[in-house]
Structure formats: C-alpha cells, structure tokens
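Peer 1: Residue numbers (the working numbering): 138 to 1126.
Take a look at the structure:
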C-alpha cells in the first residue's frame, strides 16, 4: 500500500493518459465520465494517513486483471507496474474480506447459540414460560423414556380421539407431540384436518413440510370436492387457473383437485350484471407498459390503486335493473381489496377517498403508533402540568383541539381569553385528580367538542375509533395498576416507545365497516368471504433480497429440517431452495386470495419488473417451459400484446367465465351514494331546569361583567382610537426605546414572557451572564428583540435588591433561595352559596387602609349569581422568609411612561379600579387554609407576612426605590369572615 500511494504522484498523469486515451480499451467498460471520479478517488486515497484504509468503490479498475479484460481484440495490453501494485493490493483486500466475512459468520452463529442458552437461563430465573416453551417442555417430556409411558397412557385414557383443525399450520414439534400420543391406530383415533393449499403462515413458524411428512404417512385420506362459497362460473375460473399446471404449488405433494360449486349455486345461478350488462365473474386485468419496459413497483403503486378505486366506483354507481348480484345492488360493504402489505392498503384507501368511497383498513398495527396517540400524549401532558404554558400551547394546536395560528394570536392578545383557556386545563387536572381519568376525559370531549371536530375529517371514524380505544386502555391501566396522573402519563409514553411489543388489545380496532370497502391483508382474510374481491398486488417476486446475510430453507439432506445458512459453500443451491419455498407460499397466498370471492373476482397482472418469479408468473408462463432463465429473458422482452396472446392460449375458457382485458388507468368517477329516504329525526324537548350555580370559578370569572362594563364605559368616553392594540411579536422599535422598560411591549404575551423569566430565575444567585442568557432565551422564544436584554436585566437587578417593605429593609427577593419559594402555586377549594352582596358585606364590615367605599361598592355591583362549587386559581409566587409566608403577584401592566405612574398612590388606584384587592384576598384565604393544614402551630398573626403586588415596569429607575410595590396585610377578621362566607354561607342560608 505504501509503495502504491508514494508512487501515485509520479505516475498520475501517465496512468490518466492510459485510462482516458488508450485506443485499445473498451469504452463501454472504461467510460471517461466514470474514470475521472476514480482518478480523484485515487488522489484521496494517496493522501490517507491510515496504515490500511478501505479501498474506494471502483478501485479494481486500476488492476491488471480488469484492464486486461477490457482490451479490444488486436490491441496490446498497456503494461504498467502501478497496475500490478493495485492488483496485489486488491488481492490482499479480497483475502481480508474473506477473513472478515468468516469471522462475522462465526460471530452470528456464536450469538445464535448464546441467545438460545441465555434466554432459557433468564426465563428460568424469572419463572417465565412462553407458549413455545410449553410446547418444547411437552416435546422433551415425551422424548424422555422414564416418563413417556405414564404421560402417554394418561392422555390416551383422557382423550379417546383427537381432532386437529388447520393442521396445515403445524410445525415439527407439534406434529411429533401428536404423533407420539395419538399416532398408534390400535390405541387411539387421530383426525388431521387441513388444506395444504392454504398454508400461508410460515412467518409464524408454520411448516408445510411437517404437514407433507404427516400426510405421506397416512393411508386414509379424504378430500372435500364442493365449494359452498362461490358461484359456479367463479369456481370454474379458479379451476382453470390452477388445474392448468402439473405442479401448481411447486411441490408434487401439494396437488390441486378440481372442485364443483355447491348444487344450490349451480341450480339457481344468476348472471353477474353491471350497468345492465352481463359480465364474467372473474376478471384478469392486464396493466400495460407505457414505454415497453417492465413496469416498476413505483409505477404500479401509482396506477393500480386509482384503477381499483375507479372500478369500485363504477360498481357502486350502478343504478340499472335488474340488480347486480344475488338479487341486490352491490354496496361498499360487499367489496374487499386483498393486499400483501399495509402500505398497499393505505395507497388504495387514499385512492378510494379521492372518489368519496368509504373504506376501512384491517390492521395489526399498534394503537400507540397512531397519530391520535401522538396528539393525545400532548393533551394529557398539558393536563398533568397545567402550569406549563408551552405544554398547553402544544395541546391546543393538536387537530383534536383545533387551534390555528390566528386562534393562538387572538388568545395571547386577550388577557381574559388567555386566563380562561389556561384555567380550563387546571379544571381538567383537578377533575382527573378527584374523579379519575375517564370522568375527566368524558368532560374534555364534551366541552372541547372533540368528536364533532375529528368526525369532520375524511377518516374521522378511524380517528374517533382510535381515540376511544386509547381512552379505554388508559382507563384500564389506571384502574388495574392504581396509577396516578404522572404515572399514567409515563405508562402511556412507554407504550408509545415500545409499541411494537404489543398485546392483542393494543392492536388497532376496526372502525365501523357496515358499509365500507374492506382493505385487508391476504393473511387476515383467510377463512373470510366477500361478494366482490380485488387482488391487485399478488405479483410480488419470490426472489430473496440480501441473500448474503442469511438464508433460511428446509434441507432435504436433514429430513427437511429448517436450516440457516450463514454462508456455506452450498449457499447458491440453498438460495434456490429458499426461493422455491417462497414461490410455493406465494402460490398458496394467491389461492387463498382468489377463493375469498363469492361472486366477482379481479386479478391484476402485467409485465412487472422481476415478476417472472411471482405466483402469477409461474402459473401463466413458467410452469410450461420449466426453464427459469428462458422465462426471465422472454418476460423482459415480450410486449403486452404477446403477453395477452399467451394468456388467451393458456386460459382457454369462455369469456362468460374468465375475461382478460386491459386495465383502465383513467380517473374514476366520484361515488354518489343513493338517496336513502331516511325519516327526518328530531330530538325531544328538554323542559326541566338545570341548576347552573355549581361550577368552577375564579377571580377572572367573578369580575368578568365588571371588566366588560369598564371597557364599554372607557370606549364611549375615549373613543375607539384611544385603545392601543397589542400585537405579538412586536413591531421593530427604535434603538433608544430598548433602554426604557416602560416601552416594553404590552399585552398577554409580553406578560407571560416576563413571568417565565422570573419563574426560572434563581433570586439568590443572580449571575449576570446566566441572567442575561435567560432573558435572551425568553425574548427569542416569545418573538421579542434581544436588544431588550439590557433594560430587562437592569429591571430584574433592581427588583431583586429593592426592600419590599420600608419598615423591614432586609426583606429583599435576593435573599430567597429556591427552596424558600413556590412558583405558580395552584389552589382549588370548595365554596357554597357565594353572592356579590355577601362579599360586599364582608368588606364593609371590616374596612382598612386599602379598602375604600368605592371599592366595596364595586364588589356589590358584580353581576354573578349564586355560586356553588370550587374557587380555583394560581398564585405567581409564595415564599417563606424567617417564620412568615408571603404572596407575590407579578404585574406587567403598562400604567404610563413616567416613574410617577408607578408610585404608591397610583398603584392604590389601579388595585381598586381593577379589583386586585379582591384577588389577593381570595389568594390569602387559600394560603391561610393551606398553611393551617400543613404547618403545625400555624397562626395568621405569627406566620402570614402579607401580600406584595410588584408592578415590574415600576422598577425602571434607581431614584424611586419604592415605586412599583404595593403591600398589604389583610386584617385577620376580614380573612376569617371571608373564609367562612366562601365555605359555610350555604349552611347558614
């Protein structure tokens, strides 16, 4: 390697000249367009510092062997030492690859044995047994001579005969067990019931070779020769397809025997009629190639779903007389589309939806992988943490709750809407906590109109079915495991992460399929029947991809045992056997699909890429030639007309039985459901009175009517143009505006931004860099210019260091450690028979320095009726300093652009005008009750320190140290009487 890369710089131009210009090189093998990147690749390799780097793709083009193979006849090979060096290096690389692959194979084998041994060991330690373990235990017990006799005799005495249904899905272990117990005809009777043509579950461990071995050893065999499902001509069509081949399922041990239609079908056979025209019950559709080349899978996936949807629309739009099949019209519920993969079902469903045809997918996917699970997780996370605004925003923007961008802007511009919306999540939180998940979610669906909203979507029924299914699973987990809110949310998130290890109850449920086209995999359709069946995707290749990894096959040299080949010398032979097994199973899948139909069946075929090894390819083309290479060459070059001619010759049967036609690829006609003439329904009238006093209420709810009156009064006095409109994010301000905290944008969004800064700030460690980083983070998050950082930082520094009480100068926020404070303390306590008049009486009976007559009059004029239920809310901050507890409410209100607008007198006026005095009395009652329950020896006088309303824009100037601070300690008697009013007034009448 070193010699090669050291010489490259010297010979580069010479080598390039040979490769690019030598007349003797075959330019189909050495194209100029590909050689230039290879020379650049050699440049990169020569600069490598690794001792043995990997060779780049195409390196072999520099080897002697490659160049010799590309020299045209009559020309001399261009000898060069560099080519020989590259050959030597390529040989070494090839040897290393062989060694590496051998080591990798051995590692896989070792790991296989390790897993088998370790799995058994761990199961034993955990006392865990699976169904497979139980089978193996029974198998091993029967193989042990010391216990075999007693076990067999016991089972034979208990069961005189054994009937094993669906025996084609057996495996060697199961068959050995049955054979050992019931295999002696002189001692017992054994019935094995099965159809090898329907053995399609190898992926579950079913072994068709175990069935064939069993069948070969049984003399008494009986076959049912009557099809009781399908009409006579459809039976004839299937007979024609499978009986036209010597070995229709590849192996001689699985033969096709013609069957007859049931007499009841043959005697009363009516023709299939579509749009008044008789039609064959079996349709073989041929998809033509647009460019004469084999049709790629992507092209097929684009064309076939639309063709299927178009034909279904044609069937459903048939309004002619007489009726289509069996004396009735075809409905969507009569039709099934059988697919190999759920992806194919989804493609057909989209095509059906474009033509307004209802459909339903039968899926085994996990409900926790659904879109509804993703949305529900966001909603539940917000309810569990109702103080986290970002979680509530995330929940609101789900399709279940339906908020759009304009709705969020409107919400954040209105303080009233903002508080009401965020309070609703607190209500759901409390309801979940008190009455359980199911009660809460029922209320959520009713209030948020979730069912009405999701049913508006095209797949609304699917969505709502998923929501109900998830609800049941969450409720069940909460009840059985007694999980709280946080535990239940964690359980839900864990189920989403491990959705592939699902239980049966976690599989997607079926939405109503009463009148919808069924989209179902062939595996799931086994045992079912449908009047009309479409089989559009049975042309899957039987070739094995990534065969170099590992091959699974049944080894004829080991009594057809399932064998894994990780890379033996016979791997190519084993690959052929594995692909032969694949083909046989694909043929059995095709048989199952075609025999699901009762009246009409559609099968799609064409020159699909690699479809020569598919089930239809084998039946229609390959079996006759028995030459796979000839078929492959012919299939790739034959045109569509020749394909049609060959099918006509192979399937010689009346057009009234099997019709071969070109598949239409034009757009379908949208489905127009017939008028049903349903009776107009009308709901009953409700005349009883509902008591609406029981409710959750809050400070905002109490003063709602007061704010509406104040806004209207102010509007009439000032005129419309005097009301500023707050828009978020902000319009770009001038540079000097950033220095004035009074000019910081107004409204609900800026207020939330400031609240979050203070909520996440460590008051006791105001490191300038971390504080400014926090400010910038929140500004960017809420869409404000980062140049506000300087003035906001100055405001926060003054806020933390300003004494909150003139008479208590050491009381500053900077003294509070994180453990001394609680942010966003939620409360909810019961109230009874509360009225505005009773609240007014409390304040009139207990006046104080902050309680004026104008304020008490405003309380009495609040327009809310009697309230029973719960008072709820959030306190921005509760902190403890020494023995006392204090309430803080952050206020971002814009009162003016001058420092005096935030003086004590100005704040007293706004506290009365906006009824904040009432707000903090409610907060005080809540905290007083809380401390009585949680703090031993608590008294109001000793332990309650008071209330601070801190108007943040008032901390803009260092000269006015006491601006922005409103403080009060409500009298004990006023709080006691207010507390009694809120809880006991109903009892007093």
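Glycine residues also receive a C-beta, built at the ideal position from the N, C-alpha and C atoms.
Exposed or buried, what is residue 1115 when buried is set at 16 or more other beta-carbons lying within 10 Å of its beta-carbon?
Peer 2: Buried is the call here.
Peer 1: Which residue comes first and which comes last in the alpha helix (DSSP H) that contains residue 155?
Peer 2: 139-158 is the span of the alpha helix (DSSP H), which, as asked, contains residue 155.
Peer 1: Residue 201: which of 1071, 219, 562 sits nearest, CA to CA?
Peer 2: When only C-alpha atoms are compared, the closest one is 219.
Peer 1: Put residue 461 into one of helix, strand or coil per three-state DSSP.
Peer 2: If DSSP states are grouped into helix, strand and coil, residue 461 belongs with coil.
Peer 1: To which residues of the same chain is residue 176 closer than 8 Å at the C-beta, ignoring the five residues directly before and after it?
Peer 2: For residue 176, where only same-chain residues beyond five positions count, the Cβ hits under 8 Å are 149, 152, 153, 156.
Peer 1: Within 10 Å of its beta-carbon, does residue 573 have 16 or more other beta-carbons around it, so buried, or fewer, so exposed?
Peer 2: Counting Cβ neighbours within 10 Å, residue 573 comes out exposed, since fewer than 16 surround it.
Peer 1: Distance, Cα to Cα, residue 711 vs residue 688?
Peer 2: Approximately 7 Å, taken between the alpha carbons.
Peer 1: Helix, strand or coil for residue 909, going by three-state DSSP, please let me know.
Peer 2: Helix, per DSSP.
Peer 1: What number of angstroms, rounded off, separates the C-alpha of residue 547 from the C-alpha of residue 951?
Peer 2: Roughly 36 Å separates the two Cα atoms.
Peer 1: Would you call the CB atoms of residue 475 and residue 662 closer than 8 Å?
Peer 2: For residue 475 and residue 662, yes; Cβs fall inside 8 Å.
Peer 1: Below 8 Å, can you find three or more Cβ-Cβ pairs linking the stretch 370-383 to the stretch 417-427?
Peer 2: Yes: at least three Cβ pairs fall under 8 Å.
Peer 1: Who are the near neighbours of residue 1040 in its chain, counting only those whose CB is closer than 7 Å to its CB and skipping five residues on each side?
Peer 2: Excluding positions up to five away in sequence, the list reads 1100.
Peer 1: Going by DSSP, what residues sit across from residue 967 in a beta bridge?
Peer 2: For residue 967, which the question treats as bridged, DSSP gives the partners 1007.
Peer 1: Per the contact definition of three or more C-beta pairs closer than 8 Å, is the stretch 1024-1039 in contact with the stretch 972-981?
Peer 2: These segments do not touch.
Peer 1: Below 7 Å CB to CB, which residues in the same chain sit around residue 555 once its five sequence neighbours on both sides are set aside?
Peer 2: Excluding sequence neighbours, residue 555 sits near 548, 549, 885.
Peer 1: Are at least three pairs of beta-carbons, each pair with one atom in the stretch 1093-1111 and one in the stretch 940-955, less than 8 Å apart?
Peer 2: Contact holds: three or more Cβ-Cβ distances are below 8 Å.
Peer 1: According to the neighbour-count rule (16 or more other Cβ atoms, all chains shown, within 10 Å of its Cβ), is residue 1029 buried or exposed?
Peer 2: Under this definition residue 1029 is a buried residue.
Peer 1: In its own chain, which residues sit with a C-beta less than 6 Å from the C-beta of residue 192, not counting the 5 before and 5 after it?
Peer 2: Correct list, in chain order: 230.
Peer 1: Starting from the C-beta of residue 936, find all residues in its chain whose C-beta is less than 6 Å away, skip the five residues before and the five after it, and write them out in chain order.
Peer 2: Taken in chain order, the residues that qualify are 1092.
Peer 1: By DSSP, does residue 337 sit in helix, in strand, or in coil?
Peer 2: Coil.
Peer 1: Please tell me whether residue 948 and residue 1018 are closer than 8 Å, where the distance is taken between their beta carbons.
Peer 2: Yes, they are a contact pair.
Peer 1: In its own chain, which residues sit with a C-beta less than 7 Å from the C-beta of residue 578, not counting the 5 before and 5 after it?
Peer 2: Contacts found: 608.
Peer 1: Where DSSP assigns a beta bridge to residue 415, which residues make up the other side?
Peer 2: Note: residue 415 sits in a beta bridge opposite 410.
Peer 1: What residues in its chain sit with their C-beta under 6 Å from that of residue 929, if we drop five residues either side in the sequence?
Peer 2: So the list reads 912, once near-sequence residues are dropped.
Peer 1: In the DSSP assignment, find the unbroken beta strand (DSSP E) run with residue 739 in it and report its ends.
Peer 2: From DSSP, the beta strand (DSSP E) with residue 739 extends over 734-743.
Peer 1: DSSP on residue 654, reduced to helix/strand/coil?
Peer 2: Strand at residue 654.
Peer 1: Straight-line CA distance for residue 1111 to residue 1053?
Peer 2: Cα to Cα, the separation comes out at about 16 Å.
Peer 1: Rounded to a whole number of angstroms, what is the C-alpha to C-alpha distance between residue 931 and residue 1045?
Peer 2: Taking the straight line from one Cα to the other gives about 25 Å.
Peer 1: Would you grab the beta carbon distance between residue 724 and residue 387 for me? Rounded to a whole angstrom, and I think it's under 8 Å.
Peer 2: Confirmed, about 7 Å.
Peer 1: For residue 668, which three-state DSSP category applies?
Peer 2: In the structure shown, residue 668 sits in a strand (DSSP, three-state: E or B).
Peer 1: Does the beta-carbon of residue 719 have 16 or more other beta-carbons within 10 angstroms, so that it is buried, or is it exposed?
Peer 2: Buried: at least 16 other Cβ atoms inside 10 Å.
Peer 1: Taking residue 1117 as the reference, which of 618, 1062, 1087, 1097 has the closest Cα?
Peer 2: It is 1062 whose Cα lies nearest to the Cα of residue 1117.
Peer 1: Along the chain, where does the alpha helix (DSSP H) that runs through residue 344 open and close?
Peer 2: Looking at the DSSP string, residue 344 is not in any alpha helix (DSSP H), and its letter there is neither H nor E.
Peer 1: Among 449, 483, 731, which has the Cα closest to the Cα of residue 468?
Peer 2: The residue with the shortest Cα to Cα distance from residue 468 is 449.
Peer 1: For residue 143, does the count of other Cβ atoms within 10 angstroms reach 16, so buried, or fall short, so exposed?
Peer 2: When all chains shown are included, residue 143 counts as exposed.
Peer 1: Which same chain residues, not among the five before or five after residue 91, have their C-beta less than 8 Å away from its C-beta?
Peer 2: The question about residue 91 has no answer, for the chain in this structure spans 138 to 1126.
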